[in-house]
Each structure stands twice: as C-alpha cells, then as structure tokens.
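Residue numbers (the working numbering): 209 to 460.
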C-alpha cells in the first residue's frame, strides 16, 4: 500500500483514510509482523500537541487517524475537503474487530476491573478473537507492564489511558512488544458499558461531544467549551498563513 496522504491540522499530520483502507493497512501490518502504533486525533488532541512537545513528537511517529467534527472542520478550512470518514476510535475499534482475521487482542487501561469487564463483553461480541487483560491504567511498575505486554504476544493492543499519557507510554517503549497498538482513550470504558454512548442519531449529526458534555459537564467543560474556541482560533490563524491547499505526504 502506498504512503497515505496526510493533512496537517495544527501541528498534527493526520492520515487520509476511509474505514476500509485504514483497516486493511492495520491488518497488513499485523500479518507482516510489524510493530506500529495508531492514535486518533480530535480538536482536543491538536490543542494538546500545540503546547506539549513530547506529545507532538510521539504523534509524529504514529499513524494518526481523524476523530470527530473538529478536525473535519479544520480539514475543510485548510484543504477544502472533509476527511473521507470519521475514524473515531470508539467506532473504529469495533469495526476493526468485526473485519479482522482471528487475532489475539490485549487490553491495558481504565480503572481497576474495567478492562476485565470489557474483555468479557468483547469476547461475546467477537468470539473469533482471543482477548487478554494486561492490567488497569493505574500501574506503578511500568517495566513490569512492558514485560507483560511483550509476553502476551498480542496482534493488537488496546491502550486506554487517555491523551497524552497513552501516546507517551507507547512512544517510550516503541518496539518493545509485538503487534499494532491502538491508543484508544475511553474505549475500554465504553466497551465495558461503564460510559454510555450518544444515541446513533446524535452521532450521525456529529453531536457526541455535546452528549458527553451533558453527562460529564465538570470534566468536559474545559475541553469542549474553552478548547473548541481555542482550536477554532488556531485553525483560522493557520488558514490565514496557509497559501492554498497543499497535501502532505509521509510514509505511514
């Protein structure tokens, strides 16, 4: 597969894929025995990368897929086109599991016990795969966790510790365990049934951020209300500086 086109939103190079091509790319990596990391960037991710050089550097070494309406708006402002599909991790991971060949999948993250609940539910939904739990996201012995990831010999690792922690962890230990690692934020909580998803019609209208704000106002207000305004301002500044849409290319 040729290198994917990328679009630079803020300081983040986001690959241009539809769901099918992204799944095919990851499955190809697994079949070839490659050790890769995938992240999902939304407006909050772009804001974080603007002020966190380590996070920015980590993302530059990963396949970054687009997540949500914010980066889609950025793409339209800067490149004159939307991304082909919304590849947010919460929808992408189940689609990947549904399409993938039988694989071994490891889970690391969330609060104690949540990954076990998620693994049980995922095993029922996708019986063709083998699910194993490495641990929760509140570990003290990082070296031991890395050893357990290496010993698990998983094809896919679902890493759910939130941004930027999960990406920084993956970058620090790049290549130490096999398979494709997906940095998936709160997906383990969703998969366990601990956090509700927005109704499908809300998601189709790109309103899941409003739904999350309504159920977690204290935690999400800064991210969505202040953060979205900061992101939009950054996009407008980038658009003024940009001289016409130019596609970036980087081997992924």
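Quick reminder that beta carbons are idealized off the backbone N, C-alpha and C, glycines included.
Apart from sequence neighbours up to five positions away, the residues of its chain that approach residue 345 with a beta-carbon distance below 6 Å are 317, 318, 369, ordered along the chain.
Non-local C-beta neighbours of residue 223 in its own chain, meaning closer than 7 Å and more than five positions away in sequence, comprise 212, 214, 271, 272, 273, 460, ordered along the chain.
Annotation for residue 217: the continuous beta strand (DSSP E) segment containing it runs 213-217. Cβ neighbours of residue 263 within its own chain (closer than 8 Å, five residues either side excluded): 256, 257, 371, 372, 375, 376. Annotation: the continuous alpha helix (DSSP H) that includes residue 396 extends over 395-400. Positions of the beta strand (DSSP E) runs, each at least 3 residues long and wholly inside the segment 244-325, are given as 244-249, 271-274, 312-317 in order along the chain. The beta carbon of residue 306 lies closer than 8 Å to those of 334 in the same chain, with the five residues before and after it left out. Residue pairing by DSSP puts residue 222 in a beta bridge opposite 215.
For residue 238, the uninterrupted alpha helix (DSSP H) run begins and ends at 227-239, by DSSP.
In summary, residue 327 is buried, with 16 or more beta-carbon neighbours lying within 10 Å of its beta-carbon over all protein chains present. The residues 298, 405, in chain order, have a CB closer than 7 Å to that of residue 398 in the same chain once the five nearest residues on each side in sequence are set aside. If you draw a straight line from the Cα of residue 230 to the Cα of residue 408, it comes to about 22 Å. Separation of the CB atoms of residue 282 and residue 443 is rounded to 5 Å, and the pair is thereby assigned contact status at 8 Å. Per DSSP, the unbroken beta strand (DSSP E) holding residue 338 starts and ends at 338-343.
Nearest neighbour of residue 311 by Cα position, chosen from 352, 295, 331, 322, turns out to be 331. Cα atoms of residue 436 and residue 396: separation of roughly 25 Å, rounded to the nearest angstrom. In this structure residue 337 does not touch residue 354 by the C-beta definition: roughly 23 Å separates them, more than the 8 Å allowed. A Cβ-Cβ contact shorter than 9 Å links residue 254 with residue 218. Excluding residues up to 5 positions away in sequence, 394, 397 lie with their Cβ nearer than 7 Å to the Cβ of residue 403 in the same chain.
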